[in-house]
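Undergrad:
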Amino acid sequence: MQMNYREVPTIEKETINELIFPAQEVLSNRESIRERLFSLHRATSLGNLDKHKVTIIFEDSEGLKKVCTTIWAMTDRKILLKAGRSIPVSRIHSVIIY
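Residue numbers for the sequence shown, in our numbering: 12 to 109.
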């Protein structure tokens, strides 16, 4: 099922560390999880090569949000943004690469 991400509220990356992220996975099947990892790896490469920004659709304890930023690095559990900000991989619904 495709979500309409235009209606998801946009936040500033500076507020990410104030959010609460539950531990549960937001995606329900292996194919979606595999696609997310592929997109995150690609976005990380683009971020490192030419500071390319992407839109990240994610879910905190209050609901869906999106942020437009550069992904600098990725671990097994989180993506790393500027100034020590991070988002758990398990809370990311989608990465939109322009």
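Glycine included, every Cβ here is placed at the ideal spot set by N, Cα and C.
Keep in mind that this is a model prediction, so the values were computed, not measured.
Assuming R102 and E73 make a contact with CB atoms under 8 angstroms, what is their CB distance in whole Å?
TA: Here residue 102 is taken as the residue at index 91 of the sequence shown, counted from 1. Here residue 73 is taken as the residue at index 62 of the sequence shown, counted from 1. Actually they are not in contact, since the Cβ atoms of R102 and E73 sit about 12 angstroms apart, beyond 8 angstroms.
Undergrad: On the DSSP bridge assignment, give the partners of V106 in chain order.
TA: Residue 106 sits at position 95 when you count from the first residue of the sequence shown. DSSP lists I67 as partners of V106.
Undergrad: I'd like the list of long-range same chain contacts for F32, defined as Cβ closer than 6 angstroms, with 5 residues on each side in sequence excluded.
TA: Indexing the sequence shown from 1 puts residue 32 at position 21. Counting only Cβ-Cβ distances below 6 angstroms, and skipping sequence neighbours, we find D71, P99 and R102.
Undergrad: Can you name the residues that DSSP bridges to P99?
TA: Mapped onto the sequence shown, residue 99 falls at position 88. Looking at the DSSP assignment, P99 forms a beta bridge with K89.
Undergrad: According to DSSP, simplified to helix, strand and coil, what is K77?
TA: For the purposes of this step, residue 77 is taken as the residue at position 66 of the sequence shown. Looking at K77 - three-state DSSP - the assignment turns out to be strand.
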